[in-house]
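Structure first, commentary second.
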Amino acid sequence: MTAACITGFGGADDIRTGPLPRPVPGPGEALVRVEAVAANHVDTFVRSGAYATEVPFPFVIGRDLVGTVESPAEAPAGTFAPGDRVWCNSLGHDGRQGSFAQYAAVPVDRLYPLPAGVDPVAAVSVLHTAGTAHLGLFREARLRAGETVLVEGAGGGVGSAVVQLATAAGARVIAVDRAENAEWCRGCGADQVLDRADPEVHAAVRRLAPDGVDVLWDCSGWHDLETTIPLLARGGRVVLMAGLRARAVLPVGAVYTRDISLHGFVISNASVADLADAAGTINRELASGRLRGRIRVRLPLTEAARAHRLLEGRAGGPGGPGRIVLIP
Ligand SMILES: NC(=O)c1ccc[n+]([C@@H]2O[C@H](COP(=O)([O-])OP(=O)(O)OC[C@H]3O[C@@H](n4cnc5c(N)ncnc54)[C@H](OP(=O)(O)O)[C@@H]3O)[C@@H](O)[C@H]2O)c1
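Heads up: the sequence shown is residues 1 to 328, going by our numbering.
What follows is the structure in structure tokens.
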């Protein structure tokens, strides 16, 4: 089969696409014929070694896939049948091989059915982002209907999913992003959309939520916490999940005197049970048509190195928002 792999940590140019033996599924694994994969920022961190995780070399890169079951696992019996459309968003780290290949051996407890009628390319564009959004909103921030969520970087992949899942849960969302993303953010369900270039953007948040926002989620990794923590209501929750090398100034008194909590997490650490919980939400929202992502470009799998260069902003070609989807 064809696969995109690395033989050691390195740059995008070290990704080689070529023949590898088709994986032989072990106990509890199904062999999946891959139909679409997506490139996520974390893939570049795993590839370079910036995100520490166990990686067996030669290592097939990539985390997400949508595909079709070729041969199901022997146990647990009856979970999946050959021909079933399935998806996974937790390959390619923690000792597991990745998804950027024609075939992948996937533990069945990390495999979920794709709802009928959902397009594989559309689905793969939201698996990582919506899984992250679910964990941050519900496991970490314990979002309740009627609360207000401030999302910075709302037009990006995770940001869009946060807006969509929060509004589906009955929350009010204030979205901050580039002016050109305003229409998209409104389409995701944001109640108010603010231009991040407006120097008065945080004063506008204060006017829109005079009692404070309940959840602050900055997807940009920028973290101007001195400015944004005072925008939180008492009991507010800050979700921290981006900005690997960010150094922020924390206004400590404003945190503890108002019962504010900081919730850092990576989806990479999520348990199988947490991921299954997120998958339930993702499948419900995919089936309803409410969960949508943007696709920047579709590439053949042979252009995996280019996909990483694009993600790292080191390649000419399609810029703009949306996922880079690759087709084996
Ligand atoms: N902890 C986890 O489990 C987890 C999971 C998924 C993703 N992540 C991280 O979350 C971040 C977002 O991921 P994503 O997939 O949503 O990426 P994305 O689709 O590229 O979106 C990033 C968003 O942040 C904005 N942004 C970037 N730099 C900015 C800055 N300096 N000021 C203001 N806005 C800025 C981008 O706007 P532009 O239009 O200007 O680019 C875009 O709207 C990444 O750092 C990723 O590594 C973490």
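Using N, Cα and C, we set each Cβ at its ideal position, and we do this for glycine too.
Exercise for review: From the DSSP output, read off the bridge partner residues of C88.
Suggested key: L65
Exercise for the section: To the nearest angstrom, report how far apart R258 and F100 are at their CA atoms. Expected result: 46 Å
Between V201, V173, Q164 and V162, which lies nearest to A179 when the distance is taken from Cα to Cα? V201
Q | Through-space distance from N89 to G83, alpha-carbon basis | A | 19 Å
Item to complete: Go through its chain and collect everything with a Cβ distance to T227's Cβ below 6 Å, but skip five positions before and after it.
Response: H202
Check your understanding: Should A276 be labelled buried (16 or more other beta-carbon atoms within 10 Å of its own) or exposed?
Key -> exposed
Q: Using the beta-carbon of each residue, find all residues closer than 5 Å to any heavy atom of ligand 1 and list them in chain order.
A: H41, T132, G153, G155, G156, G157, V158, C219, S220, G221, W222, M241, A242, V266 and I267
**Request:** In angstroms with no decimal places, state the Cα-to-Cα distance between A52 and V149.
**Result:** 31 Å
Give me the DSSP bridge partner(s) of A4. T17
Measure from the C-beta of G155 to each C-beta in chain B and report whether the shortest distance is under 9 Å. The chain labelled as chain B is not found in the depicted structure, where only one protein chain is given.
Handout entry: Integer Cβ distance of G98 from G62, believed to fall under 8 Å
Key = 4 Å
How should D209 be labelled, buried or exposed, when 16 other C-beta atoms within 10 angstroms of its C-beta is the threshold for buried?
Checking the sequence, you will find Ala at residue 209 rather than Asp. Burial call: buried.
**Asked** When DSSP builds the beta bridges, which residues end up paired with T148?
**Response** R172
Item to complete: Can you give me the Cβ contacts of Y112 inside the same chain, cut-off strictly under 6 Å, excluding the 5 residues immediately before and after it?
Response: W87 and A279
Check: Do the region 318–328 and the region 287–305 make contact, defined as three or more Cβ pairs closer than 8 Å?
Finding: yes
Evaluate G136 with the Cβ neighbour count: other Cβ atoms within 10 Å of its Cβ, from every protein chain shown; 16 or more gives buried, anything less gives exposed. buried
Distance between beta carbons of G236 and G221, contact taken as under 8 Å: 20 Å between Cβ atoms; not a contact.
Going by DSSP, what residue range makes up the alpha helix (DSSP H) through W184? A182 to G187
### Query
The alpha helix (DSSP H) with H308 in it runs from where to where?
A304 to L311
Sheet register partners of Q192 (DSSP bridge):
I174
**OP:** Please go through the same chain and pick out, in chain order, the residues whose beta-carbon is closer than 6 Å to the beta-carbon of I282, but skip the five residues on each side of it.
**Re:** A130
To the nearest angstrom, how far is the alpha carbon of G117 from that of A123? 11 Å
- request: Mind the definition here: the region 188–197 touches the region 151–165 only if three or more C-beta pairs lie below 8 Å; say whether that holds.
  value: yes
ask   = If we count Cβ pairs, one from each stretch, closer than 8 Å, do we get three or more for the region 23–35 versus the region 304–321?
value = no
query = Quick one: what does DSSP say R206 is sitting in, helix, strand or coil?
reply = helix
(request) Following the continuous alpha helix (DSSP H) through S288, name the residue where it begins and the one where it ends. (result) V272 to S288
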